[in-house]
Amino acid sequence: MHRLFQTFVDHLSDAPDLEALRDAMANAAAALDLSCFAYLIIPDRAGVPPKLISNYPSAWTTRYLECHYERLDPVIAQALGHPETFKWGLGFKAAAPSEPQRELFEEAAKFGIRYGFTVPIHDHRGPIAAVTFAADERRPRFERSIIEHERVLQLMAMYFHAHARRKLLPGQTIDGVSLSPREFECLEWAAQGKSAWDIGHILGISRHTAAFHLGNAKTKLGVRTVIQAVARLTASRSTLD
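Position one of the sequence shown corresponds to residue 73 (this note's numbering), numbered consecutively onward.
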């Protein structure tokens, strides 16, 4: 397991584009007997479409996005409301879905998506993304993998999000100050209480490199400490809400 996870992290770090990121997650999931996955960045304001990386059938993901199914999907609704991981599908959810939700599940099932395990990703502002591992049947291997590797799947989801978000949302500003994607990413992790060592481990870079990016962010923002830089980040977000 350690080798599989390290290989996954290495492939994320080396990935030059979104396709390589998708392949890294798809290969790691397949090694754990999980046939497919979907990563969805949830928009934080109206009018902004979600961003999706997945190895689900393309016909389904295209329709999902075109029909704005993320607004209806009960899996996404639960991911938005609760930070804990959860299973879904026949026999997992006690509450009966609405008719449109039932039709959505039936349509997804036609593409081989019937059961799943979802990892919501929340930060200090709330829900921001979700990673789902899905299967066409409730197979014993699928169940066993979820039970045995739940913690690893959570970590995989967080690492994947860290790399995917940087490529999907390039360039960020704080009070008009432009930071590089890596500087902004390191500062976001610092805002969640991560040290330079933690950030380096998550992003697949050295502690010194993480500290270097944090130092650049401090210089650009005109502050002396990471705490002050995080305060600037938090304040800038508050003005946008």
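All residues carry an ideal CB built from backbone N, CA and C; glycine is no exception.
Residue j beta carbon less than 8 Å from that of residue i
i      : j      : result
Thr190 : Ala180 : no
Cys258 : Ala303 : no
Ala102 : Met228 : no
Leu286 : Ala268 : yes
Phe315 : Phe205 : This structure cannot speak to residue 315, because the chain is shown only from 73 to 313.
Ala87  : His235 : yes
Ala96  : Leu84  : yes
Tyr187 : Arg210 : yes
Gly276 : Asp82  : yes
Pro172 : Leu152 : no
Phe77  : Val224 : yes
Ile114 : Ile200 : yes
Presumed contact (8 Å Cβ cut-off) between residue i and residue j, rounded CB distance
i      : j      : result
Leu93  : Lys239 : 7 Å
Glu222 : Thr134 : The Cβ separation is near 30 Å, so there is no contact.
Tyr141 : Leu176 : 6 Å
Leu124 : Leu106 : Their Cβ separation, rounded to whole angstroms, is 18 Å, which puts Leu124 and Leu106 out of contact at 8 Å.
Pro169 : Pro146 : 6 Å
Opposing strand residues paired with residue i [DSSP bridges]
i      : result
Gln244 : Leu251
Tyr33  : Outside the shown range of the chain (73 to 313) lies residue 33, about which nothing can therefore be said.
Phe109 : Phe205
Phe158 : Thr190
Ile125 : Tyr111
Buried/exposed call for residue i, threshold 16 Cβ in 10 Å
i      : result
Cys139 : exposed
Met73  : exposed
Val120 : exposed
Ile246 : buried
Ala149 : exposed
Glu91  : exposed
Gly161 : buried
Ile193 : buried
Ala301 : buried
Phe80  : buried
Glu260 : buried
His154 : exposed
Arg237 : buried
Val249 : exposed
Thr311 : Residue placement at Thr311 is poorly supported in this model, since its pLDDT is 48, which falls under 50; the coordinates still yield a value, given next. Exposed is the call here.
Pro233 : As written in the sequence, residue 233 is His, which differs from the Pro given in the question. With 16 or more Cβ atoms within 10 Å of its Cβ, His233 is classed as buried.
Arg75  : exposed
Ser217 : buried
Ala307 : exposed
Counting pairs of beta carbons, one from the segment 124-137 and one from the segment 172-188, are three or more of them closer than 8 Å?
-> yes
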